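**Student:** Pasting a structure here, questions to come.
Numbering (the numbering used here), first residue to last: 612 to 770.
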């Protein structure tokens, strides 16, 4: 039986005599403790906010290149950081991928928007992004235009 006193726990034996309790310390196996440690932090988890890398090709010398974009807070080498972040924010909806491809089997106009292509990678809203864009038909042109100015505005100038 164990009881407590002003000096700490004491044990009473069957005859009622009290004696000090010897503490027992359990030592865990070091290898089992390692399995309880959290996983190492991945580099992509260290970046705070949203980060995209945009590579544009065949859109013309003024628009071609690779640009970095940071949002929340804004920064990077993109030529219009604020508007590009707002364009992606505008297309971000809970449960929907802002960078999803045009649906298969959709009815698209057979117009050609030019040879421009874009590749967007990074993280947005906590999710990985790896999306490609082109302007080979009406659906893909509309998908591209939704993200202007993240992607360059290649629409014909208004007359």
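All C-beta atoms in this analysis are idealised placements derived from N, C-alpha and C, irrespective of residue type, glycine included.
Remember, it's a predicted structure, so these values are computed and weren't measured experimentally.
#1: Within 10 angstroms of the Cβ of residue 660, are there 16 or more other Cβ atoms? Answer buried if so, exposed if not.
#2: Do residue 724 and residue 765 come within 8 Å of each other at the CB atom, strictly closer than that value?
#3: Taking all protein chains shown into account, decide if residue 707 is buried (16 or more other Cβ within 10 angstroms of its Cβ) or exposed.
#4: Please classify residue 686: does DSSP put it in a helix, a strand, or coil?
#5: Please state whether DSSP places residue 697 in a helix, a strand or coil.
#6: Can you give me the C-alpha to C-alpha distance between residue 738 and residue 731, rounded to a whole angstrom?
#7: Alpha carbons only, please: which of 673, 680, 672 and 671 is nearest the one belonging to residue 665?
#8: For residue 729, which option in 683, 686, 756 and 697 has the closest C-alpha, if you only look at C-alpha atoms?
**Tutor:** Let me spell this out:
#1: Here residue 660 refers to the residue found at position 49 when the chain shown is read from its first residue. Exposure of residue 660 is indicated by the presence of fewer than 16 other C-beta atoms within 10 angstroms of its C-beta.
#2: If you number the chain shown from 1, residue 765 lands on position 154. If you number the chain shown from 1, residue 724 lands on position 113. Taking 8 Å as the Cβ cut-off, residue 765 and residue 724 qualify as a contacting pair.
#3: Residue numbering aside, residue 707 sits at position 96 when the chain shown is read from its first letter. Around the beta carbon of residue 707, a 10 Å sphere encloses fewer than 16 other beta carbons of the protein chains shown; the residue is thus reported as exposed.
#4: Here residue 686 is taken as the residue at index 75 of the chain shown, counted from 1. Residue 686: strand per DSSP, three-state reduction.
#5: Reading the chain shown from its first residue, position 86 is the one you call residue 697. Looking at residue 697 - three-state DSSP - the assignment turns out to be helix.
#6: As a working mapping, residue 738 is identified with position 127 in the chain shown. As a working mapping, residue 731 is identified with position 120 in the chain shown. In this structure, the CA atom of residue 738 is about 13 Å from the CA atom of residue 731.
#7: For this step, residue 665 is matched to residue 54 along the chain shown. Comparing C-alpha distances from residue 665 to each of 673, 680, 672 and 671 shows the shortest one belongs to 680.
#8: Here residue 729 refers to the residue found at position 118 of the chain shown. Of 683, 686, 756 and 697, the residue nearest in Cα terms is 756.
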